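A.B. asks: Quick note: the sequence shown uses numbering that gives the first Met the number 0, first residue 0, plus one each step.
Note that CB positions come from ideal geometry on N, CA and C, so glycine has one too.
All figures in this text were calculated on a predicted structure; none of them were measured in a lab.
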Amino acid sequence: MRFWKLLLGVAAVGLVAVAFRDVAGDRWLRPASPFGGDDDDEGGVAVSEEEPVLGYDGMDRDTLVDWLSEADLDHETLLAIHAYESANLNRGPVLDAVDDLLG
0 MRFWKLLLGV AAVGLVAVAF RDVAGDRWLR PASPFGGDDD DEGGVAVSEE EPVLGYDGMD
60 RDTLVDWLSE ADLDHETLLA IHAYESANLN RGPVLDAVDD LLG
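What follows is the structure, given as structure tokens:
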């Protein structure tokens with residue numbers, strides 16, 4: 000009996016994971032952000048991207064702006080940060096800091 004409960008639990012977790020995966024586009028889906036950001040062409044569901052730099056999502060706005068000024072990031076990373084920030088929280092001070100660094 001325990002085996003069947005375990006099997007049912009594993010199947011349920013798999014179904015939940017698949018429900019939030021756009022298999023054709025190989026992307027994770029998330030609800031549209033209340034803070035704005037880009038919507039996907041398919042029904043207004045925004046597509047979540049991976050954070051551009053490890054730890055990015057753990058920084059608040061002020062910490063992120065300070066970190067950006069000290070990090071000495073290359074052009075490609077700054078572009079990735081700008082795209083990620085625009086598509087997710089779209090915080091003006093962060094985008095301004097990235098724009099300043101991009102020149």
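Could you check what DSSP says for Ala70 in three-state terms: helix, strand or coil?
C.D. replies: What you label residue 70 is simply residue 71 of the sequence shown in a count that begins at 1. Residue state, collapsed to three classes: coil.
A.B. asks: With a threshold of 16 other CB atoms inside 10 Å of the CB of Leu63, please say whether the residue is buried or exposed.
C.D. replies: Walking along the sequence shown from the start, residue 63 turns up at place 64. Result: buried.
A.B. asks: What is the DSSP secondary structure of Arg60, reduced to helix, strand or coil?
C.D. replies: Taking the first residue of the sequence shown as position 1, residue 60 is located at position 61. In the structure shown, Arg60 sits in a helix (DSSP, three-state: H, G or I).
A.B. asks: Is the CB-CB distance between Leu101 and Leu77 below 7 Å?
C.D. replies: Residue mapping note: residue 101 aligns to position 102 of the sequence shown, counting from 1. Residue mapping note: residue 77 aligns to position 78 of the sequence shown, counting from 1. Yes, they are a contact pair.
A.B. asks: What is the rounded straight-line gap between the Cα of Leu67 and the Cα of Asn87?
C.D. replies: Taking the first residue of the sequence shown as position 1, residue 67 is located at position 68. Taking the first residue of the sequence shown as position 1, residue 87 is located at position 88. Approximately 17 Å, taken between the alpha carbons.
A.B. asks: I'd like the list of long-range same chain contacts for Gly57, defined as Cβ closer than 8 Å, with 5 residues on each side in sequence excluded.
C.D. replies: Position 58 of the sequence shown holds residue 57. Contacts found: none.
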